[in-house]
Amino acid sequence: MYYDGYDEEALDEILPNLYMSGFVPAKDLDRLESLGITHIVNLSSYENNFHGRFQYLRIPVEDIPTEDLSPYFDKSLKFLEEALEGNGRVLVNCNAGQSRAGTIIILYIMSKKKMTFEEAKKFAQSKRASNEVCPNSGFQKQLIEYFNSKRDI
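For the sequence shown, our numbering begins at 472 and goes up steadily by one.
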């Protein structure tokens, strides 16, 4: 799939009640409330916008291949599972809504749907109308290693 440009307003439902975006939609209170968002995983370089309105999981990481996002994988899965099993609606966002958010979305899909990295990425991508789901090379490697280590147990 080829993307001709980037839509900073894109906010897509990847699985029922699980959404993905960049920072612009995450700062739009009316839009979040109209979707019924209850929980936000914020991987952007921006602080949480609406304290008291949503339950946040803040993960302050940079989008560079040498950044280690894997220490947050278990905590992210727990946050997503508890929110979604409790009938919550979750937005996972980062600055552009592609790499860091994509990593956590793919993590969840791999865990819940028992897919490989490539299958989960393709699935997530099929749900995005205008922007890519593209974890950087370091995050991709961390996801694959995380699930390989789980299989070895």
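The beta-carbon is built from N, C-alpha and C at its ideal position, and this holds for glycine as well.
- Per DSSP, reduced to three states, the secondary structure at M581 is helical.
- Contact between the region 552-559 and the region 570-578 is not established, with fewer than three Cβ pairs separated by less than 8 Å.
- Annotation: the continuous beta strand (DSSP E) that includes I485 extends over 482-486.
- Boundaries for R524: no beta strand (DSSP E) harbours it, and the DSSP string shows neither H nor E there.
- Per DSSP, V512 is not a residue of any alpha helix (DSSP H); the beta strand (DSSP E) it occupies stretches across 510-513.
- Within a 10 Å sphere around the beta-carbon of L514 sit 16 or more other beta-carbons, which makes this residue buried.
- In this structure, the CA atom of V512 is about 5 Å from the CA atom of V563.
- Our two residues, I535 and S492, have alpha carbons roughly 18 Å apart in a direct line.
- Per the DSSP secondary-structure output, V532 pairs with nothing in a beta bridge.
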